[in-house]
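Residues 1 to 297 in the UniProt record's numbering are what the sequence shown lists, from first letter to last. Ideal Cβ positions, reconstructed from N, Cα and C, are used throughout, including at glycine.
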Amino acid sequence: MGCAVSHRAKKRLSGGLDHVKSQIPQWGKEADRMHEAVQKTDEDLQLVLNSKLSQETKEVVSALLCSPVNYEVQSLHKAFEQQDYETVVTIITSTKSMLLVDIEEQYSTDYNKTIEDELQRIRDNDLKHVLISLLNVDRPFTNKKADKLAAKERARSLHNSGDILALLCEPLSRNQLKETLNAFLSLYRVNINQFIDEKSSSLSIQAKEAMKSFVLHAENPARYFAKKIKHANQTQMLKTIISRSEIDLYYINKEYLRWYSRQLHDAVYKQCSNKYARLLTVILDYRGQYSESARKR
């Protein structure tokens, strides 16, 4: 499992096991084993996971039991090893600055190198520059209303300079960045993705896609993750559902249906193995309800 298990994580998993048994009756014994596992110490829990659960169940349960910081650290390390820069972009794009600081510190402790050290190894120099720049932005977290006048001024500056990365690297709250992007569209009637393609034409495709990802997440996080799921492999599907299960899985579910006219459950079964899909859809059913997943954003 590779990470310390919090009491909250154990309680959260234990609370969902009755739902597992009701949704997949033939997995009753495996759910009982998980009930037994979550009552154990971390050391005993590891033994139970290694000896009594199927590989698919062990992987999902281990992910559920990890703290958000440890889970993202492990995901980043695996992504760097596999040169899976889509996952790297997603973590840097979607993680709040305060949590990203904790992730950077834990990564350095666990692997004796920094996230920036890992980014320096990317061969695509444009992508490397974009990701290092975005990694180092200190973006404040606040629900304060955006300053519309300041947003219009920044939108005009963006139109004149064409430097979208400079805007993305300003220490703006998500609300202020979103308002700036809205003001840009209102003033100039230019699609921001088209603007990025035109003004950053000399950059690599991956670098431009990273900036587009950052913009989409600022505009609509649920739509961003719905889009990621549409093209996700099994590992990426697991990561998205687990990491968003207590944040906005409800909204992602709605956005997926809205944009692709099909249920998220269908995507899980199409893009994952059958047993893996059954586990993930249980989480989707249990954590994807408004009362369980949706938070005031």
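Short check: CB of R139 to CB of S97, under 7 Å? Looking up residue 139 in the sequence shown gives position 139. Looking up residue 97 in the sequence shown gives position 97. The Cβ-Cβ distance between R139 and S97 falls below 7 Å.
Going by C-alpha to C-alpha distance, which of S157, A166, D147 sits closest to H129? Along the sequence shown, one-based indexing puts residue 129 at 129. Nearest to H129 by alpha-carbon distance, out of S157, A166, D147, is A166.
Alpha carbon to alpha carbon, what distance is there between A267 and K113? Stepping through the sequence shown from its first residue, residue 113 is reached at position 113. Stepping through the sequence shown from its first residue, residue 267 is reached at position 267. Spanning the alpha carbons of K113 and A267 requires a straight line of approximately 36 Å.
Do L127 and Q206 have their CB atoms nearer than 7 Å? Taking the first residue of the sequence shown as position 1, residue 127 is located at position 127. Taking the first residue of the sequence shown as position 1, residue 206 is located at position 206. Taking 7 Å as the Cβ cut-off, L127 and Q206 qualify as a contacting pair.
Extent of the continuous alpha helix (DSSP H) to which D266 belongs: What you label residue 266 is simply residue 266 of the sequence shown in a count that begins at 1. Boundaries of the alpha helix (DSSP H) around D266: 264-271.
How should P171 be labelled, buried or exposed, when 16 other C-beta atoms within 10 angstroms of its C-beta is the threshold for buried? Taking the sequence shown and counting its residues from 1, one reaches residue 171 at position 171. It is exposed - the Cβ of P171 has fewer than 16 other Cβ atoms within 10 Å.
Use the C-beta contact count for N253: other C-beta atoms within 10 angstroms, 16 or more gives buried, fewer gives exposed. Locating residue 253 in the sequence shown gives position 253, where the first residue counts as 1. Buried, since its Cβ has 16 or more Cβ neighbours within 10 Å.
Does E72 pass the burial test, meaning 16 or more other C-beta atoms within 10 Å, or should it be called exposed? Position 72 of the sequence shown, counted from the first residue, corresponds to residue 72. E72 should be labelled buried.
Would V69 be called buried (16 or more neighbouring beta carbons within 10 Å of its own) or exposed? As a position in the sequence shown, residue 69 is number 69, starting the count at 1. By the 10 Å Cβ count, V69 comes out buried.
Distance between S173 and C66 (C-alpha atoms, nearest Å): Walking along the sequence shown from the start, residue 66 turns up at place 66. Walking along the sequence shown from the start, residue 173 turns up at place 173. The alpha-carbon atoms of C66 and S173 are separated by roughly 28 Å.
Pair every Cβ in the region 246-262 with every Cβ in the region 216-230, then say whether three or more of these pairs are closer than 8 Å. Yes: at least three Cβ pairs fall under 8 Å.
Nearest-angstrom Cβ-Cβ length linking K239 and T93, presumed shorter than 8 Å: What you label residue 239 is simply residue 239 of the sequence shown in a count that begins at 1. What you label residue 93 is simply residue 93 of the sequence shown in a count that begins at 1. Wrong, their Cβ atoms sit about 13 Å apart, outside the cutoff.
Residues near H217 by beta carbon distance below 7 Å, same chain, minus five either side: Counting from one through the sequence shown, the residue named residue 217 turns up at place 217. Counting only Cβ-Cβ distances below 7 Å, and skipping sequence neighbours, we find T93, S94, Y224.
Below 8 Å on the Cβ atoms is my contact criterion, and I expect L134 with L168 to pass it. Report the Cβ-Cβ distance as a whole number of Å. Your numbering for residue 134 matches position 134 in the sequence shown. Your numbering for residue 168 matches position 168 in the sequence shown. The pair is a contact, with the Cβ atoms about 6 Å apart (cut-off 8 Å).
Classify D117: buried if its beta carbon has 16 or more other beta carbons within 10 angstroms, exposed otherwise. Mapped onto the sequence shown, residue 117 falls at position 117. Residue burial is scored here from C-beta neighbours: D117 has fewer than 16 other C-beta atoms within 10 angstroms and is therefore classed as exposed.
Alpha carbon to alpha carbon, how far is S200 from D163? Give it in angstroms, no decimals. Position 163 of the sequence shown holds residue 163. Position 200 of the sequence shown holds residue 200. Rounded to the nearest whole angstrom, the CA to CA distance from D163 to S200 is 8 Å.
C-alpha gap between T57 and M237, whole angstroms: The residue given as residue 57 occupies position 57 in the sequence shown. The residue given as residue 237 occupies position 237 in the sequence shown. Answer to the nearest angstrom: the Cα atoms are 15 Å apart.
Measuring CA to CA, which of A232, I283, R262 is closest to T90? Reading the sequence shown from its first residue, position 90 is the one you call residue 90. Ranking A232, I283, R262 by Cα distance to T90 puts A232 first.
Just the C-alpha distance for Q106 and Q74, rounded to the nearest angstrom, thanks. Here residue 106 refers to the residue found at position 106 when the sequence shown is read from its first residue. Here residue 74 refers to the residue found at position 74 when the sequence shown is read from its first residue. Across the structure, Q106 and Q74 are spaced so that their CA atoms are roughly 10 Å apart.
Going by DSSP, what residue range makes up the alpha helix (DSSP H) through A222? Position 222 of the sequence shown, counted from the first residue, corresponds to residue 222. Note, A222: alpha helix (DSSP H), 221-230.
I'd like the ranges of any alpha helix (DSSP H) spanning at least 4 consecutive residues and lying wholly in the region 124-162. Counting only runs of 4 or more, we get 125-135, 148-161.
Report buried or exposed for R121, applying the criterion of at least 16 other Cβ atoms within 10 angstroms of its Cβ. Locating residue 121 in the sequence shown gives position 121, counting from the first residue. R121 is exposed by the Cβ-count criterion.
So the alpha helix (DSSP H) E246 belongs to, where does it begin and stop? As a position in the sequence shown, residue 246 is number 246, starting the count at 1. It is not in any alpha helix (DSSP H) - E246 carries neither H nor E in the DSSP assignment.
From Q234, N193, L100, pick the residue whose C-alpha is nearest to that of F214; which is it? Residue numbering aside, residue 214 sits at position 214 when the sequence shown is read from its first letter. Ranking Q234, N193, L100 by Cα distance to F214 puts N193 first.
Where L172 sits in the DSSP three-state scheme: Reading the sequence shown from its first residue, position 172 is the one you call residue 172. Assigned with DSSP and collapsed to three states, L172 falls in coil, not helix or strand.
DSSP state of V190 mapped onto helix, strand, coil: On the sequence shown, residue 190 is found 190 positions in, with the first residue counted as 1. Correct three-state label for V190: coil.
Candidates S243, Q176, A183, V137: which alpha carbon is nearest P62's? Counted from its first residue, the sequence shown places residue 62 at position 62. The question names Pro, but residue 62 is Ser in the sequence shown. The candidate whose alpha carbon is nearest that of S62 is S243.
How would you write the range of the alpha helix (DSSP H) that I103 sits in, first residue to last? Against the sequence shown, residue 103 aligns to sequence position 103. Here the alpha helix (DSSP H) through I103 covers 97-111.
Near E59, which residues of its chain fall below 6 Å by C-beta distance, leaving aside the five closest residues on each side in sequence? In the sequence shown, the residue the question calls residue 59 occupies position 59. So the list is empty, once near-sequence residues are dropped.
Outcome for Q176 when other beta-carbon atoms lying within 10 angstroms are tallied against a minimum of 16: Taking the first residue of the sequence shown as 1, we reach residue 176 at position 176. Buried: at least 16 other Cβ atoms inside 10 Å.
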